[in-house]
Amino acid sequence: MTLDVIFTLDELEAAEAASANPYLSNPARGLQLLTRLVGQPAAQEAQRAQLARLHTLIHQDFIALTARGSYPGEAQALRQLLGLEEALENLALFPDLASKTVVGVGGGFSAGKSRFLNTLLGVDLLPESLEPTTAIPSFITRGEADIVALNTFNQRIPLDHDALQAITHAFNEHYRDSLGEGFGFAHILKLLMLHQAQLPWDNLAFLDTPGYSKADTEGAALTDQDIAHRQLSEADQVLWLLSAKNGSIRQDDLEFLRTLDHSRPIFFVVTQADLVGEARIGAILDSTRQAIEQADIPCAGLMAWAAPLGTEQGELIAGDDIRDWLEQLDGELKYTRHRRTCERVLDGYIHHNQYSLAGSRKKLALLNTLLPLADQLPEGERNTLRELIQEQQNNQKSFTDLVSAFSALKSDMLAAVVQVVGDLAIDAPSSEETLLKALKYHDNGKHELALACFQDAAELGHPAAQFNLGLYHTQGLGTPKSDQQAIAWYRKAAEQGHAGAQFNLGTHYGSGCGVKKDSSQAVFWYTKAAEQGHADAQFNLGESYANGEGVPRNEQKAIAWYQIADAQDHLAAQFQLLQLSARQGNKDSQFALAICYEKGRGTVKDIKKSVEWYRIAAKAGHPDAQFKIAEHYLSGEILPKNSAHAKSWLEKSATQGNSAAIALLKKFEKATWARRYDPFNWGK
1283 MTLDVIFTLD ELEAAEAASA NPYLSNPARG LQLLTRLVGQ PAAQEAQRAQ
1333 LARLHTLIHQ DFIALTARGS YPGEAQALRQ LLGLEEALEN LALFPDLASK
1383 TVVGVGGGFS AGKSRFLNTL LGVDLLPESL EPTTAIPSFI TRGEADIVAL
1433 NTFNQRIPLD HDALQAITHA FNEHYRDSLG EGFGFAHILK LLMLHQAQLP
1483 WDNLAFLDTP GYSKADTEGA ALTDQDIAHR QLSEADQVLW LLSAKNGSIR
1533 QDDLEFLRTL DHSRPIFFVV TQADLVGEAR IGAILDSTRQ AIEQADIPCA
1583 GLMAWAAPLG TEQGELIAGD DIRDWLEQLD GELKYTRHRR TCERVLDGYI
1633 HHNQYSLAGS RKKLALLNTL LPLADQLPEG ERNTLRELIQ EQQNNQKSFT
1683 DLVSAFSALK SDMLAAVVQV VGDLAIDAPS SEETLLKALK YHDNGKHELA
1733 LACFQDAAEL GHPAAQFNLG LYHTQGLGTP KSDQQAIAWY RKAAEQGHAG
1783 AQFNLGTHYG SGCGVKKDSS QAVFWYTKAA EQGHADAQFN LGESYANGEG
1833 VPRNEQKAIA WYQIADAQDH LAAQFQLLQL SARQGNKDSQ FALAICYEKG
1883 RGTVKDIKKS VEWYRIAAKA GHPDAQFKIA EHYLSGEILP KNSAHAKSWL
1933 EKSATQGNSA AIALLKKFEK ATWARRYDPF NWGK
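When you line the sequence shown up against the working numbering, it's residues 1283 to 1966, in that order.
Okay, structure coming up:
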């Protein structure tokens, strides 16, 4: 009798790994590894004291201050500060990261990140498996070969290659009975640092993040999605992987990337291309590119990559070569933006409360104008008025206190950040300095240099730089035209209150250029810009109300916005007001409208329409319009030449005292007499 036992490939690989790896085959060695990984740190360094200070400022002072008010970007601001704290901890423990451009490698669970990095970099470092491996973020960079784990106590633990390979779910499975179902190395390790002497790029560090879509342990303080989001937010560049087996990029991938809202375009890689065959790759790349564009996610490149099991090097199958992109990044000077990140987050709160303070002052000034009328109001309304005034006075004190408190917190946080960074990295220039440099390049016609500076200042959060970067992408200055990238930067600036960006974003929604047409969104952004005094936005808002696009049709509101734009000498608004008034029978407006058509002022030049409105105004008795109609009858260019009609209109105009009509009428009569009595000399 024989017994047939069938094992899966994964089970055979796990058995082979367990027999070859001393940490899996020898329980004593496995326990020793665990003991080292959970060891307590030695005495705190001076640098650690500053990190502890920053931790207190973020987790206590900042959170306490935010509880005293409201801020629309509060969740994102906290994520940015937590990411800053983690990045500074990594910098203090691994100083060589300071000069490296960090390329965060993200993707869904089992997208093949470890396999891709191993075959791209030509190394055999990261554990590979089609099953879950580990949720520990791992850095790979050039340096003297070593492997270091950072535990939750911020202690560096050196590891050998076998220990690294053991830190996977194979370890969990092997010691399940001893460790329990809930154990995972992500509970005790923060990150892994892998130095390799032979890497293609000297100035890059690759960050292998957890698969954001992996199921997490119930009750975990941080999910894999939280870890991936924080790590990728802090990375300088993002490389996103998706499996060819899915046919295209998944909707949850796009949703994750939208919430990530990374400042630079993302490079997309379709992995496991060898599993679907070359015939399907083109269609997969096309559908992926289309989905990325529709999601308004800026794209640095898209390629398909094959790395069959058993091969050490991967292969570009189709699309853009990621190695060209990485070569470019490797040649760029790396600045630290930690101080700028801190400034941007705290300045957001400061400006928000300053804006709220200004708004409260306007409301209080308006309420104070009603005070002289208070005695004439019923008692209930009088009390309500006093309560509203007191509310605004309280608000002003609250906003003033918050501006002061956030300014002091900003100063304390910056001091801690500067102490941690020290001489480890070059601090990036301020966004204002970089913007001025960009504008100087632009004025000199050096668009590619200007683009790079606009990009740097925009990434530091400067709204004017973000707006200008959007214009560069719109016009194709120094870069290929891209409505998607333009919209992405307009949106960032618009959300910070930049009126020009708000208007441009509104026009994109209004036209459907680069984004799905949405008249209500167009009106939303026009209103934001119009309320800040943007004349074109005020005019477009008037047009929206006049035509009932995005809002119910309302002629009174249309006129109101036209008038506000007209006060800023907006020609198109003046033209629309003239049209409305002219159609209501105002002869002065009819005459002015005729001039607009004649000169192309506020509209397209149209002589025929000009004559039509001159005729309407002339019939209504406008002397200048009557004179203009007479001129047209004399010239015969638009109206048929007719001296009798010309004389009739000149007489009507002259009767009202029009001096030009009187002079021309005399000349006309003289010419008529000369023609009648001396036809040979007429006209001399």
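Glycine included, every Cβ here is placed at the ideal spot set by N, Cα and C.
Check: CYS1735 in three-state terms, based on DSSP; Outcome: helix
Check: Delimiting residues of the alpha helix (DSSP H) encompassing ASP1612; Outcome: 1604-1612
Check: Cβ neighbour criterion (16 or more within 10 Å) applied to PRO1547; Outcome: buried
Check: Proximity of ASP1556 and PRO1590 at Cβ, strictly below 9 Å; Outcome: yes
Check: Of the residues PRO1304, HIS1341, LEU1336, ARG1350, the one placed nearest LYS1679, counting alpha carbons only; Outcome: ARG1350
Check: The beta strand (DSSP E) enclosing GLN1342, as first and last residue numbers; Outcome: Segment: none, GLN1342 is in no beta strand (DSSP E) and carries neither H nor E.
Check: Sub-9 Å separation of PHE1967 and ALA1854 beta-carbons; Outcome: Coverage of the chain is limited to positions 1283 through 1966, which leaves residue 1967 absent and any answer about it impossible.
Check: HIS1511 in three-state terms, based on DSSP; Outcome: helix
Check: 7 Å Cβ shell around LEU1366 - same chain, five flanking residues per side excluded; Outcome: HIS1620, THR1623, CYS1624
Check: Sheet register partners of ASP1428 (DSSP bridge); Outcome: HIS1477
Check: DSSP-derived helix/strand/coil call for ARG1350; Outcome: coil
Check: Buried/exposed call for HIS1443, threshold 16 Cβ in 10 Å; Outcome: exposed
Check: SER1530 to ALA1573 span [Cα, whole Å]; Outcome: 8 Å
Check: Pair within 9 Å by beta-carbon distance, GLN1908 and ALA1943; Outcome: yes
Check: Length of the line joining the Cα atoms of ALA1928 and GLU1837; Outcome: 39 Å
Check: Simplified DSSP state of LEU1486, which is helix, strand or coil; Outcome: strand
Check: The stretch 1643-1661 touching the stretch 1670-1678, judged by at least three CB pairs closer than 8 Å; Outcome: yes
Check: Per DSSP, cross-strand counterpart(s) of CYS1581; Outcome: ILE1548
Check: VAL1287, buried or exposed, once every other Cβ within 10 Å from all chains shown has been counted against 16; Outcome: Since pLDDT at VAL1287 reaches only 37, below the 50 mark, its modelled position is unreliable, and no value is offered.
Check: Supposed close pair ALA1828, ALA1840 - CB separation, criterion 8 Å; Outcome: 4 Å
Check: ILE1531 CB to nearest heavy atom of the ligand GDP below 8 Å; Outcome: With respect to small molecules bound, the structure shown includes none, and the ligand GDP cannot be examined in it.
Check: Under 9 Å between C-beta atoms of ALA1739 and ALA1720; Outcome: yes
Check: Alpha carbon of GLY1788 to alpha carbon of TYR1494, nearest angstrom; Outcome: 33 Å
Check: Residue from HIS1755, LYS1901, GLU1951 whose Cα sits closest to the Cα of LEU1733; Outcome: HIS1755
Check: Cβ-based burial, LYS1472 [other Cβ within 10 Å; buried from 16]; Outcome: buried
Check: Below-9 Å beta-carbon distance, ALA1656 vs any chain B residue; Outcome: Looking for chain B here will not work: only one protein chain is present.
Check: Coarse secondary structure for ARG1438, derived from DSSP in three states; Outcome: strand
Check: At least 3 beta-carbon pairs within less than 8 Å: the stretch 1485-1493 vs the stretch 1434-1449; Outcome: no
Check: Where LYS1763 sits in the DSSP three-state scheme; Outcome: coil
Check: Identity of the residue in SER1826, ILE1846, LEU1932 nearest LEU1947 by Cα; Outcome: LEU1932
Check: Classification of THR1434 by the beta-carbon crowding that lies within 10 angstroms, buried from 16 upward; Outcome: exposed
Check: Neighbourhood of GLY1567 by C-beta, 7 Å cutoff - its chain only, sequence neighbours within 5 removed; Outcome: In the sequence as presented, Gly is not what sits at residue 1567; that position holds Leu. Here the set comprises VAL1552, LEU1584, ALA1586, ALA1600, GLY1601.
Check: Helix, strand or coil at PHE1421 according to DSSP, with G and I counted as helix; Outcome: strand
Check: Nearest-angstrom Cβ-Cβ length linking LYS1395 and GLY1389, presumed shorter than 8 Å; Outcome: 6 Å
Check: Which listed residue (SER1941, PRO1482, GLU1831, LEU1542) has its alpha carbon closest to that of ALA1510; Outcome: LEU1542
Check: The beta strand (DSSP E) enclosing GLN1519, as first and last residue numbers; Outcome: 1519-1525
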